Structures are given as structure tokens and as C-alpha cells.
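Each residue of the sequence shown is one higher than the last, beginning at -5 in the working numbering. No residue lacks a Cβ here, since even glycine has one placed at the ideal position from N, Cα and C. Just so we're clear, the structure is a prediction, and the values are computed from it rather than from any experiment. Beneath this line is the structure, given in C-alpha cells, with notes to follow.
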Amino acid sequence: KYPAQVVILTSQLVWSQNCEKSLSVEGATKVHEAQSTGLQLLESKLHSLSECVLQDMESALRKKCEQLLTEMVHQRDVLRQLIADKVASSNDFGWLYHLRFYWNPTEKNLMQ
């Protein structure tokens, strides 16, 4: 019923999971490398999606793509900030003060 929301939520879940994964690597240098790799991947996806938006498409679909682009730009900016601030732990305030999204597949009530 709400496919754009599902796509954006999925993007947020995957992004949070990938950031947590990069922050769980041992050693600050390896964390930085993992974050840089994640940033390159995200920028590649952003580039592909931005090219897609330039094509002819229905107005409703364009708005959905623009919403996803907006979210991905935010994710890119946060990841750049994490790298610039040398955030190397999932317990670092530089990571904790950002909105994160998690999904527990064993949870029956997803609204908790």
C-alpha cells in the first residue's frame, strides 16, 4: 500500500546495519577503511539513482525517487561526518546521536 515508505525504511535499516558493521571492525584504521568503502558504495548508488531521476517518468514515481535520494544524501553526509570525526565505535557519541533504524526479525509486534 505504501511502497515508497517501505523502500525508504529498508534503506534506513540497511544503512544503519552497514554503519554498525563498519564500526564493529577492530582497529581505528580498519574502521576508517570500512567506512570509506561504505561511503564509496553509497555514492555509487546515489549517482545511479540521480541519473535515473533525470529520465522521463511519471510524476509520482519521480517524487518517490526524490524522497529516496534525499534520504541517501543525508546518509552520505552522516557517513562523511563520522569519517571526518574519526568515529571508531558504535558507543561513540558521534554515532549515537544520529537516528538509527533496527529490525528484530524475531519480534512479533513490530511497533514496539
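Drop a sphere of 10 angstroms on the beta-carbon of residue 36, count the other beta-carbons inside from all chains shown, and report buried for 16 or more, exposed for fewer. Buried, because 16 or more other Cβ atoms sit within 10 Å of the Cβ of residue 36.
Do you know how far the Cα of residue 94 is from the Cα of residue 84? Those two C-alpha atoms are separated by around 11 Å.
Taking contact to mean 3 or more Cβ pairs, one atom from each stretch, closer than 8 Å, check whether the stretch 15 to 22 and the stretch 46 to 57 are in contact. The count of Cβ pairs closer than 8 Å, one atom from the stretch 15 to 22 and one from the stretch 46 to 57, stays below three, leaving the stretches out of contact.
Can you tell me whether residue 81 is buried or exposed, with buried defined as 16 or more other CB within 10 angstroms of its CB? With 16 or more other Cβ atoms from the protein chains shown falling within 10 Å of its own Cβ, residue 81 counts as buried.
Inter-residue spacing [alpha-carbon to alpha-carbon] between residue 97 and residue 16: Rounded to whole angstroms, residue 97 to residue 16 spans 18 Å at the Cα level.
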